[in-house]
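Chains as they are written, first to last, in my numbering: chain C, 1 to 194; chain L, 195 to 388; chain A, 389 to 582.
Structure below.
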């Protein structure tokens, strides 16, 4: 696999046959054109290792997207793992892990999107402390909307590792997404490979 | 990594330097405070094992969230895997796997949220058996809404395993989510590690 | 684990005790019936291998679902991996990976659902090139809706491998989902196992 695999992520630079055109395995799938530009290549075999790291994020508002890409890449570099994958895992039900673009205006769009999806202004029985009896804490606050958003966001992302780097595309960044009020959040980073 | 890693999931108890304060690697990311509380630690190396288990769930309504956390943890314990991960996988397109909180009022909120997201009362061409010719079965019923909900929910969750336990946070529980009418559902549990 | 595990995905054919009935470990969970039909079975141990493949998809419209199941299964077969898993990963922030049913009318329903979720007709600051200064490219176009949809869709799917096959259920197919305008898309396929 050529070095351009992870450098820039510009697909048009992939030259499977050295001539910049898809190879003979291309076919149409419905109307779309699908080309296998790299048949499965054995990247690594041998005794694998499992590393675990942790970060804690003190969020400042909800919703909030906090870019953790560099920290995760730094952790990966420290392990020396060259081929494998990284599982980024939020241990929460109202904070998730997202892969998207880090563009300030878009981030505001995504906050508005989440509010339309499940607004904190809507009515949630989970927020009615006059009737709720289960899982009540000292610092309980109204976060039914955050749980509902979390259903569609999830709490994890798995990223392939190629040549010691996260195989993120050109615009892909890893974020913690706070959907609740400002809180202290714990993220596990499990790094696996050879 | 200290035992408190998995005990309670209370982030404020994490004491990376033994003094309860984040270590020197903390920095601000926009406004948020991000601290690496555990640099990548080698948890295991050696010949790994892959185990596979299966459960079948007879659901009683749609939507329905069925807590399968204890069953998955029991399966993990039987394998003796100490470090690795568990892939919980629904083999369906109208039933998914969810991580969220098991609080009865919240569960009702989530049912209402799913209905707002894609209501069974909306019109779906998939439900028009007068024109549909593909993938028709004997027991076909109107479930276009469930397929659309499934797009955002997904059919799997990957949970890290630390010290022989699912590294779920304090409020995190694993659920099968039925989005269709009552059906028999199959869940694969792949347990990997050392 | 019997061969019927992956053949057809019809749950009612699972016969854990050879008599077609759930075994003694069944219990009720709320109202639902949960049965462990296969306790964790050691499927493989030994030196694992990591393979990586790549496909490029030229999409023709947005949204568009492109079925890539056969290509991924072919790649898996070429590796000879019998037990493990496959990570299918889109290196994009406006194209994702989906598991759902390939039924033509349903696919049209899903396009309409995505449009209701985040319509291209809505207003997004990301699309306002008169004020935006970050991550601007030559071929920039209005795709705020695609980023918002991507938040809920994600860019990856992990599928277990059993007996050399993707353990997809009867109706499950793997798709690339284009949410933006027609573009060239790169998908990584990481195949891991023994």
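Every residue gets a Cβ at the ideal spot worked out from N, C-alpha and C, and that includes glycine.
Pairwise C-alpha distance: residue j and residue i
i              : j              : result
residue 521(A) : residue 568(A) : 20 angstroms
residue 572(A) : residue 442(A) : 13 angstroms
residue 312(L) : residue 321(L) : 14 angstroms
residue 348(L) : residue 129(C) : 31 angstroms
residue 137(C) : residue 477(A) : 39 angstroms
residue 453(A) : residue 433(A) : 37 angstroms
residue 546(A) : residue 159(C) : 11 angstroms
residue 108(C) : residue 295(L) : 27 angstroms
residue 430(A) : residue 243(L) : 7 angstroms
residue 369(L) : residue 97(C)  : 19 angstroms
residue 227(L) : residue 59(C)  : 7 angstroms
residue 172(C) : residue 333(L) : 42 angstroms
residue 18(C)  : residue 319(L) : Here residue 18(C) scores only 34 on pLDDT, less than 50, and its place in the model is too uncertain to base an answer on.
residue 213(C) : residue 556(A) : Only positions 1 to 194 of chain C appear in this structure, which leaves residue 213(C) out of reach.
residue 385(L) : residue 427(A) : 11 angstroms
residue 178(C) : residue 95(C)  : 5 angstroms
residue 26(C)  : residue 570(A) : The predicted model places residue 26(C) with a pLDDT of 39, which falls under 50 and marks its position as unreliable; any figure quoted below should be read in that light. Approximately 17 angstroms between the Cα atoms of the pair.
residue 35(C)  : residue 345(L) : 25 angstroms
residue 469(A) : residue 582(A) : 5 angstroms
residue 245(L) : residue 279(L) : 11 angstroms
residue 532(A) : residue 357(L) : 42 angstroms
residue 380(L) : residue 297(L) : 24 angstroms
residue 558(A) : residue 68(C)  : 38 angstroms
residue 341(L) : residue 425(A) : 26 angstroms
residue 306(L) : residue 467(A) : 45 angstroms
residue 360(L) : residue 135(C) : 20 angstroms
residue 61(C)  : residue 268(L) : 38 angstroms
residue 343(L) : residue 149(C) : 13 angstroms
residue 544(A) : residue 481(A) : 11 angstroms
residue 281(L) : residue 487(A) : 15 angstroms
residue 407(L) : residue 250(L) : The shown model of chain L, from 195 to 388, leaves out residue 407(L), and the question about it has no answer.
Extent of the continuous alpha helix (DSSP H) to which residue i belongs
i              : result
residue 435(A) : Counting along the chain, residue 435(A) falls outside any alpha helix (DSSP H), and DSSP gives it neither H nor E.
residue 503(A) : 492–505
residue 268(L) : 263–273
residue 60(C)  : Per DSSP, residue 60(C) belongs to no alpha helix (DSSP H) and is neither H nor E.
residue 362(L) : Where residue 362(L) is concerned, there is no enclosing alpha helix (DSSP H), given that its DSSP letter is neither H nor E.
residue 148(C) : 144–153
Residue interval of the beta strand (DSSP E) (run including residue i)
i              : result
residue 84(C)  : 84–90
residue 367(L) : 367–372
residue 160(C) : 156–162
Bridge-paired residues (DSSP) for residue i
i              : result
residue 483(A) : 566(A)
residue 330(L) : For residue 330(L), which the question treats as bridged, DSSP gives no partner whatsoever.
residue 580(A) : 438(A), 473(A)
residue 488(A) : 561(A)
residue 379(L) : 251(L)
residue 66(C)  : 176(C)
residue 423(A) : 250(L)
Environment of residue i [buried if 16+ CB atoms lie within 10 Å]
i              : result
residue 529(A) : exposed
residue 77(C)  : exposed
residue 138(L) : A question about residue 138(L) goes unanswered here, because the residues of chain L that appear run from 195 up to 388.
residue 458(A) : exposed
residue 317(L) : exposed
residue 471(A) : buried
residue 110(C) : buried
residue 325(L) : exposed
residue 479(A) : buried
residue 47(C)  : exposed
residue 121(C) : exposed
residue 451(A) : buried
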